[in-house]
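> Got a structure for you, questions after.
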Amino acid sequence: MKGGRIVLVVDDSRVNRLVLARQLSGMGVEVMEAENGREALDVLRDHTVAIDTVLLDVVMPELDGYETLAAMKADDAIRHIPVIMVSGVEELESVIRCIELGATDYLPKPINPRILAARLNASLIAKQLRDLELEHIEQQRLLTTTIERQRLELSRFLSPQIASLISSPDGELMLAGHRRLITVAFCDLRGFTTFAEQADPEELFGVLGEYHRMMGDAIVEHGGTLEHFAGDGVMIFFNDPVTQDDHVERAVRMAVAMRERFAPIAAGWRKRGYELGFGVGIAVGYATLGRIGFEGRYDYGAIGNVVILASRLSSQAGANQILLSQRAVGMVEDLVEVESIGDLEIKGLSRPVSASNVVGAANR
1205 MKGGRIVLVV
1215 DDSRVNRLVL
1225 ARQLSGMGVE
1235 VMEAENGREA
1245 LDVLRDHTVA
1255 IDTVLLDVVM
1265 PELDGYETLA
1275 AMKADDAIRH
1285 IPVIMVSGVE
1295 ELESVIRCIE
1305 LGATDYLPKP
1315 INPRILAARL
1325 NASLIAKQLR
1335 DLELEHIEQQ
1345 RLLTTTIERQ
1355 RLELSRFLSP
1365 QIASLISSPD
1375 GELMLAGHRR
1385 LITVAFCDLR
1395 GFTTFAEQAD
1405 PEELFGVLGE
1415 YHRMMGDAIV
1425 EHGGTLEHFA
1435 GDGVMIFFND
1445 PVTQDDHVER
1455 AVRMAVAMRE
1465 RFAPIAAGWR
1475 KRGYELGFGV
1485 GIAVGYATLG
1495 RIGFEGRYDY
1505 GAIGNVVILA
1515 SRLSSQAGAN
1525 QILLSQRAVG
1535 MVEDLVEVES
1545 IGDLEIKGLS
1555 RPVSASNVVG
1565 AANR
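Residue 1568, in the working numbering, is where the sequence shown stops; the numbers in between run on with no holes.
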């Protein structure tokens, strides 16, 4: 029998305790003693001592074996400790009662040393396996806590979806690159270049801080993946890395929410002499997504004509305009009212593209 295990012997008879202690010591087991149930519970609840099995007498004054066993199983801190009941009462009803209360095994008096060794060994093995299970659970809890802490730290610098992706088991596969239909939204400020040339750095960062907070709240609320902030320019895409059946609708609703929230901010800026407008371009199409960069500095991004189109639509949008590509219009025409602005010559694309401005929610 493996040494280093501790067995608590609970019996009101000092002679019985000494006999059991001698037998257990010969098996290489460390022995602790308690002369009644209350004393046993005190020992078990002392977290400085790790009891591996309890040999518990049934018939005792003050708090008998049944009551002690019931108290143990009602205490989450010690209920997992195996208990072998020991008694001169051999009636079947007593055995059944002990098992129903949660005893691991039952030993009749006088105790046969070979039976004691066999049953105790089985009990100690069960306790050892339970300890390993608890240790594994604790390790998993610590690992989960560490991963979550890292994810939260990453989400301060990355889109929450990207932070979760990096921490996930399938993250490496997704980061490696894949094709997917996505909706891309580009947003920026009208008049920002002129403002940046004239404003003090403190004013510039103050305006950008207000603008980015408004944008960030809307992006998170609608489940967008923020690819980057670049001054006043913001790129967001939907349907990756988390799939979204309503990705076009999410993008349009986000843009409308941004436009509504921008109005009071812009009014406050005008009082300070800042004339700034807000424009958005939204396009739908396939892109290649994944890790972009070099060892030591990676971004998660999207590459494809859909990105170019959304960017160009944003640059063509006037103040308070949300320009949609023709494909995007077709996928949300029941949700929003749009007005066509005709065909646009888009730099980087061989043919003109049809675009429409979102006027408001559809009256249907």
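Ideal Cβ placement from N, Cα and C applies to all residues, glycine included.
Computed from a predicted model, the values in this text were never measured in an experiment.
(1) Expressed to the nearest angstrom, what Euclidean distance is found between the alpha-carbon atoms of arginine 1299 and leucine 1346?
(2) Whole angstroms are fine: how far does the CA of aspartate 1309 sit from the CA of lysine 1215?
(3) Please report how far the alpha carbon of glycine 1497 lies from the alpha carbon of asparagine 1443, in whole angstroms.
(4) Excluding sequence positions up to five away, which residues of its chain have a Cβ less than 7 Å from the Cβ of alanine 1523?
(5) Where arginine 1463 and tyrosine 1490 are concerned, what is the direct C-alpha to C-alpha distance, given to the nearest angstrom?
(6) Going by DSSP, name the residue or residues bridged to proline 1312.
(7) Would a C-beta distance cut-off of 8 Å place leucine 1493 and leucine 1553 closer than the cut-off?
(8) Are valine 1452 and alanine 1506 touching if we call contact CB-CB under 8 Å?
(9) Starting from the C-beta of phenylalanine 1390, find all residues in its chain whose C-beta is less than 6 Å away, skip the five residues before and the five after it, and write them out in chain order.
(10) Going by beta-carbon coordinates alone, are leucine 1412 and aspartate 1436 separated by less than 8 Å?
(11) May I ask you to report which of helix, strand or coil DSSP gives glutamine 1344?
(12) What does asparagine 1561 pair with, by DSSP beta-bridge criteria?
(13) Could you name the residues that DSSP lists as bridge partners for threonine 1429?
(14) List the endpoints of the continuous alpha helix (DSSP H) containing methionine 1458.
(15) Entirely within the stretch 1228-1283 and at least 3 residues each: give me those beta strand (DSSP E) ranges in chain order.
(16) Count the other C-beta atoms from every protein chain shown that fall within 10 angstroms of the C-beta of threonine 1257, then say buried if there are 16 or more, exposed otherwise.
(17) With distances taken Cα to Cα, identify the nearest neighbour of leucine 1254 among Ile1282, Ala1278, Tyr1478, Ser1544.
(18) Jot down the residue ranges of each uninterrupted beta strand (DSSP E) in the stretch 1381-1427, minimum 3 residues, whole runs only, in chain order.
(19) From phenylalanine 1466 to methionine 1535, what does the alpha carbon distance come to, in whole angstroms?
(20) Would valine 1388 and phenylalanine 1433 qualify as a contact pair, given that the criterion is a beta-carbon distance under 8 Å?
(21) Take every Cβ of the stretch 1262-1271, pair it with every Cβ of the stretch 1239-1247, and state whether three or more of those distances are shorter than 8 Å.
(22) So what does valine 1495 bridge to, in DSSP terms?
(23) Name the two residues that bound the continuous alpha helix (DSSP H) containing valine 1510.
(24) Count the other CB atoms, across all protein chains shown, that sit within 10 Å of the CB of arginine 1221; report buried if there are 16 or more and exposed otherwise.
(25) Answer yes or no: do arginine 1457 and histidine 1426 have a C-beta to C-beta separation smaller than 8 Å?
(26) Relative to the alpha-carbon of glutamate 1543, which residue among Ser1229, Leu1527, Ala1278, Glu1549 has its alpha-carbon at the smallest distance?
(27) When burial is assigned at 16 or more other CB atoms within 10 Å of the CB, is phenylalanine 1396 buried or exposed?
(28) Please identify the residue among Glu1295, Ala1326, Arg1301, Ala1322 whose C-alpha is closest to the C-alpha of proline 1312.
(29) Where does the unbroken beta strand (DSSP E) through leucine 1212 begin, and where does it stop?
(30) Determine the DSSP secondary structure at glycine 1534, reduced to helix, strand or coil.
(31) What three-state label does DSSP hand valine 1488 in the structure shown?
(32) So what does DSSP say about alanine 1307, is it helix, strand or coil?
(33) Quick one: is proline 1317 buried, meaning 16 or more other Cβ sit within 10 Å of its Cβ, or exposed?
(34) Roughly how many whole angstroms lie between the Cα atoms of glutamate 1479 and glutamine 1530?
(35) Alpha carbons only, please: which of Val1219, Leu1224, Arg1209, Leu1248 is nearest the one belonging to valine 1233?
The short version:
(1) According to the sequence displayed, residue 1299 carries valine and not arginine. Each residue's alpha carbon lies about 41 Å from the other.
(2) First, the amino acid is wrong: residue 1215 is aspartate here, not lysine. Answer to the nearest angstrom: the Cα atoms are 16 Å apart.
(3) 22 Å
(4) Arg1394, Gly1481, Phe1482, Gly1483
(5) 26 Å
(6) Ser1291
(7) no
(8) no
(9) Around phenylalanine 1390: Met1439, Gly1485, Ala1514, Ser1515, Ser1518.
(10) For the pair leucine 1412 and aspartate 1436, the CB atoms are nearer than the 8 Å cut-off.
(11) Helix.
(12) Answer by DSSP bridge pairing, in chain order: Leu1527, Glu1543.
(13) Phe1441
(14) 1451-1475
(15) The stretch 1228-1283 contains these whole beta strand (DSSP E) runs: 1234-1238, 1257-1261.
(16) When all chains shown are included, threonine 1257 counts as buried.
(17) Note that residue 1254 is alanine in the sequence shown, not leucine. Here the closest residue by C-alpha is Ile1282.
(18) Along the length of the stretch 1381-1427, whole beta strand (DSSP E) runs at least 3 residues long occupy 1382-1394, reported in chain order.
(19) For phenylalanine 1466 and methionine 1535, the distance between alpha carbons rounds to 25 Å.
(20) No, they are not a contact pair.
(21) Enough Cβ pairs lie closer than 8 Å, so yes.
(22) The sequence shown places arginine at residue 1495, rather than the valine named in the question. Paired residues: Tyr1504.
(23) Per DSSP, valine 1510 belongs to the alpha helix (DSSP H) from 1509-1520.
(24) With 16 or more Cβ atoms within 10 Å of its Cβ, arginine 1221 is classed as buried.
(25) Taking 8 Å as the Cβ cut-off, arginine 1457 and histidine 1426 qualify as a contacting pair.
(26) Leu1527
(27) buried
(28) Selected option, being the one with the closest Cα: Glu1295.
(29) It spans 1210-1214 - the beta strand (DSSP E) in which leucine 1212 sits, taken as one unbroken run.
(30) Three-state DSSP puts glycine 1534 in a helix.
(31) Strand.
(32) coil
(33) exposed
(34) 31 Å
(35) Ranked by Cα distance from valine 1233, the first of Val1219, Leu1224, Arg1209, Leu1248 is Arg1209.
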